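Asker: Got a structure for you, written out below as structure tokens; questions coming shortly.
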Amino acid sequence: MHYQTVFFQTPYEGKPIHSSDLLNTIHHCAISCNHMTTMLYKKQDLFGRGEQLSNLQDCAEICGLMVNYLALSSKFSKVFSSVCASVCEVCGSTCMQFPDQASQQCGQTCLICAKACQQLTA
Numbered sequence: 057m058h059y060q061t062v063f064f065q066t067p068y069e070g071k072p073i074h075s076s077d078l079l080n081t082i083h084h085c086a087i088s089c090n091h092m093t094t095m096l097y098k099k100q101d102l103f104g105r106g107e108q109l110s111n112l113q114d115c116a117e118i119c120g121l122m123v124n125y126l127a128l129s130s131k132f133s134k135v136f137s138s139v140c141a142s143v144c145e146v147c148g149s150t151c152m153q154f155p156d157q158a159s160q161q162c163g164q165t166c167l168i169c170a171k172a173c174q175q176l177t178a
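With this note's numbering as the guide, the letters of the sequence shown map in order to residues 57 to 178.
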């Protein structure tokens, strides 16, 4: 899903805080983490991946919330973006510890999302 190119105004500053690229990046991260969670349930070594599974679920949830806050032009978007960046960074780092291609790809997606959210907090 791609969002139409728009700029939202924060109600408290009046400056554009994001574009469709940011929404797409965060949304893609949420979807990737949800997909990876589903894939992990099918793996035989699921019990060795408890931390990864927990981080994936947290990341998917925070990214889903972040997309909603941005779409609403919430005044809390910048505050939430800091939390989102932290969760994505932890999730991405955890995923990168596993050698399978799906974990590597998800980890890269999370780390890209973390950088995008960090830029929003600036």
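We treat Cβ as the ideally placed atom computed from N, Cα and C, and that holds for glycine. Everything numeric in this text was worked out from a predicted model, so none of it was measured.
(1) I'd like to know whether the C-beta of T94 is nearer than 8 Å to at least one C-beta of chain B.
(2) Out of D77, I82 and G106, which one is the CA nearest neighbour of F154?
(3) Mapping the DSSP letters down to three states, classify K27 as helix, strand or coil.
(4) How is K98 classed by DSSP in three states: helix, strand or coil?
(5) How is the alpha helix (DSSP H) around A172 delimited, first residue to last?
(6) Would you mind giving the Cβ-Cβ distance between L121 and F136, rounded to the nearest angstrom? I have them listed as a contact below 8 Å.
(7) My assumption, with CB atoms under 8 Å, is that T150 sits in contact with S88. Please give the rounded CB distance.
(8) Go through its chain and collect everything with a Cβ distance to I118's Cβ below 7 Å, but skip five positions before and after it.
(9) Between S75 and K99, what straight-line distance do the alpha-carbon atoms span, to the nearest angstrom?
(10) Just to check my reading of the structure: V176 and L78 have Cβ atoms closer than 8 Å, yes? What is that Cβ distance to the nearest angstrom?
(11) Ends of the alpha helix (DSSP H) at Q113?
(12) Decide if L128 is buried, meaning its Cβ has at least 16 other Cβ atoms within 10 Å, or exposed.
(13) To the nearest whole angstrom, what separates the beta carbons of C147 and C115, a pair I think is in contact under 8 Å?
Answerer: Taking the structure as given:
(1) No chain B is present in this structure, which holds just one protein chain.
(2) If we check each option's Cα against that of F154, G106 comes out closest.
(3) Nothing about residue 27 can be reported from this structure: the residues present for the chain run from 57 to 178 only.
(4) Of the three classes helix, strand and coil, the one that applies to K98 here is coil, per DSSP.
(5) Membership of A172 in the alpha helix (DSSP H) is indicated by the continuous run Q157 to T177.
(6) 7 Å
(7) Their Cβ separation, rounded to whole angstroms, is 13 Å, which puts T150 and S88 out of contact at 8 Å.
(8) V139, C140 and V143
(9) 37 Å
(10) For the sequence presented, residue 176 should be read as Leu rather than Val. Indeed they touch by this definition, with Cβ atoms about 7 Å apart.
(11) G106 to A127
(12) exposed
(13) 4 Å
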